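There are 2 protein chains.
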Amino acid sequence: MALGDAILACLTERPMTGYELAKTFDSSIGFFWKADHQQIYRELSKLRDRGYIQGREVVQSGKPNKLIYTLTPEGRTALRHWAARPSTPPSIKDDLLVRLHALDSIDIEPIRTDLMDRLEHHRDRHENYERILKKRFPEGTASDVLDLGNLLLLRLGARHEQMVADFCEEALEALSTMSGKAIVLPIEDSKREGKG
Amino acid sequence: MALGDAILACLTERPMTGYELAKTFDSSIGFFWKADHQQIYRELSKLRDRGYIQGREVVQSGKPNKLIYTLTPEGRTALRHWAARPSTPPSIKDDLLVRLHALDSIDIEPIRTDLMDRLEHHRDRHENYERILKKRFPEGTASDVLDLGNLLLLRLGARHEQMVADFCEEALEALSTMSGKAIVLPIEDSKREGKG
DNA sequence: ACCCCATATGCACATTGACGCATATGCGTC
DNA sequence: GACGCATATGCGTCAATGTGCATATGGGGT
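Here it is in structure tokens:
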């Protein structure tokens with residue numbers, strides 16, 4: 001139950017509604033973990049059933065009533081126990097890498113445009129991280145433990161995006177150099193072997 | 001159907017049995033994409049039903065008969081069409097990052113040991129990539145398009161592991177510096193607020 | 001008046017993934 | 001001879017995830 005723990009982790013900051021959590025998973029923690037509102041509401045129900053969070057209904061007019069969820073002591077304990085277990089290193093699982101693995105059996109042009117799009121995407125994200133870093137940590141140091149975690153997170157994010165962006169650039173360059181030597185395949189559906 | 005396409009991509013190299021594919025997903029492409037043999041066999045059935053691959057049974061004695069799967073022209077086309085679609089940038093989704101996000105609500109010691117384990121893990125993987133790179137690409141250049149893809153892949157893997165390893169080191173250092181200032185919480189299940 | 005957007009929650013279905021178990025047999029080891 | 005291991009394929013179940021749809025309403029644009 002990884003998403004559940006991510007939600008518990010978010011609720012340590014402050015009590016939130018499912019809607020607010022969904023927005024959080026679209027910005028701060030969402031840089032590392034994607035989850036849409038459906039997943040979040042479903043997980044919230046489970047966490048409530050287990051007694052890890054408590055919902056307080058707030059009656060509103062003009063809008064549907066909202067449910068503000070707060071961590072219970074049991075929830076805090078559960079989070080601590082989860083956090084005390086070793087983490088599992090994830091795989092990268094990027095389709096782009098699968099495409100590169102079969103580079104000689106696919107069309108190069110779409111890969112080039114894809115790489116260019118990805119380059120832009122990762123550059124944007126990198127700039128975003130750097131902007132937040134400069135704003136939140138102009139000194140580059142954290143004052144307390146909470147800040148330290150977020151500082152480290154932002155730094156990792158920034159470096160990751162930078163690295164992938166660099167990779168895209170390099171891949172594009174390499175493809176340009178290669179395209180002179182390699183046979184550029186015309187787009188046809190019936191493709192025979194002959195690669196020589 | 002991402003795993004299916006990863007399997008098709010593997011079969012462009014050479015025809016393989018499910019067993020061989022499972023081994024492949026435990027080494028080369030498996031550095032980026034994890035899949036156990038169950039997933040692979042299930043996906044192979046689907047791909048066969050769709051006519052993307054063809055199974056040829058080879059009778060064996062002493063071992064169960066094996067099914068060697070070959071890409072059909074339809075399969076090649078499907079792979080090319082899939083590869084022509086833009087890729088979707090994945091999220092990092094690492095539990096360690098969730099732990100760091102809630103660093104002030106959890107116990108530091110388990111995180112330290114976790115970070116040390118992860119440091120070792122990522123260093124090992126980094127060395128592994130570097131070793132393969134030196135062996136397969138001593139010149140650092142690729143001769144054809146297939147090699148280029150694999151060279152790029154290995155380079156990305158190496159850099160990624162290096163980056164995460166550096167991150168772990170930095171996080172450990174930061175936690176050491178911080179531990180002087182921060183209150184080290186004793187391990188108790190009933191935890192009150194008071195963080196001052 | 002109509003439509004889209006933001007707020008706020010949720011169900012249903014399909015796909016994907018993780019984990020255990022089952023089958024069949026030869027080979028080496030304790 | 002019992003046990004684990006490598007080879008080789010597959011079923012069943014459950015958790016996690018992804019996608020579409022449903023509900024309810026006030027406010028702003030056209």
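For the protein sequence lines, the chains are C and H, in the order given.
In terms of my numbering, the first sequence opens at residue 1 and continues consecutively.
In terms of my numbering, the second sequence opens at residue 1 and continues consecutively.
Every residue, glycine too, gets a C-beta built ideally from N, C-alpha and C.
Quick caveat: nothing in here was measured; it's all calculated off a predicted structure.
Legend entry - Beta-carbon neighbours of H:D107, restricted to chain C and to distances below 8 Å: R80, A83, A84
Inset, instruction - Please name the residue in H:E109, H:H81, H:A165 whose C-alpha comes closest to that of H:R246. - result: In this structure chain H extends from 1 to 196, so residue 246 of chain H is not present and cannot be described.
Inset, instruction - Verify the CB distance criterion: does H:K34 have a CB-CB separation below 9 Å to chain C? - result: yes
Legend entry - Within-9 Å CB hit, C:C10 to chain H: yes
Inset, instruction - Within the same chain, show all residues whose beta-carbon is closer than 7 Å to that of H:A232, passing over the 5 residues directly before and after it, in chain order. - result: Missing from the structure shown is residue 232 of chain H; chain H here goes from 1 to 196 and no further.
Inset, instruction - Taking 8 Å as the threshold, find out whether the region 9-28 of chain H comes into contact with the region 55-71 of chain H through three or more Cβ pairs. - result: yes
Legend entry - Proximal chain H residues relative to C:L59, where beta-carbon distance stays under 7 Å: Sequence inspection shows Val at residue 59 of chain C; the Leu mentioned does not correspond to that position. Those do not exist, as C:V59 stays about 28 Å from chain H at its closest Cβ, beyond 7 Å.
Inset, instruction - Measuring only between beta-carbons, confirm whether H:T17 sits less than 9 Å from chain C. - result: no
Inset, instruction - Can you grab the Cα-Cα spacing for the pair C:I183 / H:T141, in whole Å? - result: Only weak support exists for where C:I183 lies, its pLDDT of 49 falling under 50; the coordinates are left without a value.
Legend entry - Proximal residues of chain H, C-beta to C-beta of C:S87 below 8 Å: D94, D95, L96, R99, D114, R118
Legend entry - the region 83-101 of chain C / the region 107-120 of chain H touching (three or more Cβ pairs under 8 Å): yes
Inset, instruction - Please classify C:I7: does DSSP put it in a helix, a strand, or coil? - result: helix
Legend entry - Span separating the alpha-carbon of C:Q162 from that of C:R123: 7 Å
Inset, instruction - Identify every residue that forms a DSSP beta bridge with C:M16. - result: C:Y69
Legend entry - Distance, H:L146 Cα to C:L103 Cα: 6 Å
Legend entry - Host beta strand (DSSP E) of H:E57 (start-end): 53-58
Inset, instruction - Take every Cβ of the region 53-62 of chain H, pair it with every Cβ of the region 21-41 of chain H, and state whether three or more of those distances are shorter than 8 Å. - result: no
Legend entry - Cutoff 9 Å: H:D26 Cβ touching any chain C Cβ: no
Legend entry - With 16 other Cβ atoms within 10 Å as the buried cut-off, status of C:E173: exposed
Inset, instruction - Helix, strand or coil for C:S143, going by three-state DSSP, please let me know. - result: coil
Inset, instruction - With a threshold of 16 other CB atoms inside 10 Å of the CB of H:S105, please say whether the residue is buried or exposed. - result: buried
Inset, instruction - Using only the heavy atoms of the ligand COA, determine whether one of them is closer than 8 Å to the beta carbon of C:L103. - result: In terms of ligand content, the structure shown is empty, and the ligand COA therefore cannot be addressed.
Inset, instruction - Report buried or exposed for H:N65, applying the criterion of at least 16 other Cβ atoms within 10 angstroms of its Cβ. - result: exposed
Legend entry - Uninterrupted alpha helix (DSSP H) stretches inside the region 82-156 of chain C (no shorter than 4 residues): 95-101, 108-136
Inset, instruction - Mind listing the chain H neighbours of C:L47? Cutoff is C-beta to C-beta under 8 Å, in chain order. - result: The premise fails here: C:L47 is roughly 14 Å from chain H at the closest Cβ pair, so nothing lies under 8 Å.
Legend entry - Short Cβ contact (9 Å threshold) for C:R99 with C:L133: no
Inset, instruction - Please decide whether C:N150 counts as near chain H, where near means a Cβ-Cβ distance under 9 Å. - result: yes
Legend entry - Distance between C:S61 and H:A2 (C-alpha atoms, nearest Å): 45 Å
Inset, instruction - Using beta-carbon positions only, say whether H:I92 and C:H160 come within less than 9 Å of one another. - result: yes
Inset, instruction - Kindly say whether H:F137, judged by its beta-carbon, lies nearer than 9 Å to any beta-carbon of chain C. - result: no
Legend entry - Same chain, Cβ closer than 8 Å to H:L148, neighbours up to 5 away in sequence not counted: A142
Inset, instruction - Closer than 6 Å by C-beta to C:A6: which residues in its own chain qualify, once you throw out the five before and the five after it? Chain order, please. - result: W33
Legend entry - Pair within 9 Å by beta-carbon distance, H:K46 and H:G4: yes
Inset, instruction - Can you grab the Cα-Cα spacing for the pair H:M178 / H:F167, in whole Å? - result: 16 Å
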